[in-house]
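A short worksheet on the structure shown next.
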Ligand code: THU
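Residue numbers (our numbering): 851 to 1003.
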């Protein structure tokens, strides 16, 4: 079984990017970040063309904080209507920071589980700035489901 397939659709239209950016901005307004005051919104497109959203949710026990990207992916998993594992084709991260926010290390690992290596992650901000990476650029040689399926014992 292979995690990657030739049907992976990693190129999405400008219109879809704009919709994702808007959805990520709306998610940002829902962020629960009373401790850091660093609010983050995310929106991702599933391969069955649904937009899912997430925001960061902090906790008084700080280490239990969950990032916007991982909450967003969880939302996609919950909403998935097929028996197959849900997959995504793009994700946008929205913050109101002058310096664009890239996904943290933990989120890069979780993104690598569900997104094709050539799919894109875009950071945007309130100044309409943007930066885009492929998933593979963010986490080269990732440990993915394929790493487990290829085990020899
Ligand atoms: N955070 C995210 O939600 N996504 C990122 O990619 C970076 C960090 C959150 C976690 C925490 O609530 C706040 O930003 C400050 O680290």
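C-beta atoms are modelled at their ideal positions from N, C-alpha and C, and glycine is treated no differently.
Cut-off 6 Å between Cβ atoms - residues of its own chain near residue i, not counting five sequence neighbours on either side
i: residue 943; result: 892, 951 and 973
i: residue 992; result: 962
i: residue 889; result: 878, 881 and 883
Straight-line gap, residue i to residue j (C-alpha atoms, nearest Å)
i: residue 970; j: residue 941; result: 7 Å
i: residue 965; j: residue 955; result: 15 Å
i: residue 953; j: residue 996; result: 22 Å
i: residue 1057; j: residue 911; result: With the chain running from 851 to 1003 in the structure shown, residue 1057 is simply not present.
i: residue 945; j: residue 931; result: 30 Å
Contact test: residue i Cβ vs the ligand THU heavy atom, cutoff 6 Å
i: residue 975; result: no
i: residue 890; result: yes
i: residue 922; result: no
i: residue 908; result: yes
i: residue 877; result: no
i: residue 884; result: no
i: residue 915; result: yes
Segment limits, alpha helix (DSSP H) that includes residue i
i: residue 873; result: 864 to 878
i: residue 924; result: 918 to 929
Residue i in three-state terms, based on DSSP
i: residue 980; result: strand
i: residue 968; result: coil
i: residue 856; result: In this predicted model, residue 856 has a pLDDT of only 43, less than 50, meaning its place in the structure is not dependable enough to derive any value.
i: residue 992; result: coil
i: residue 885; result: coil
i: residue 999; result: helix
Contact set for residue i: own chain, Cβ-Cβ below 8 Å, skip 5 residues either direction
i: residue 960; result: 919, 920 and 923
i: residue 926; result: 894, 896, 900, 902, 936, 938 and 964
i: residue 864; result: none
i: residue 968; result: 858, 860, 984, 985 and 986
Other residues of its chain near residue i: CB distance less than 7 Å, five sequence neighbours each side excluded
i: residue 979; result: 950
i: residue 908; result: 882, 883, 884, 885, 886 and 915
Limits of the unbroken beta strand (DSSP E) element including residue i
i: residue 942; result: 938 to 945
i: residue 895; result: 891 to 896
i: residue 907; result: No beta strand (DSSP E) contains residue 907, which DSSP labels as neither H nor E.
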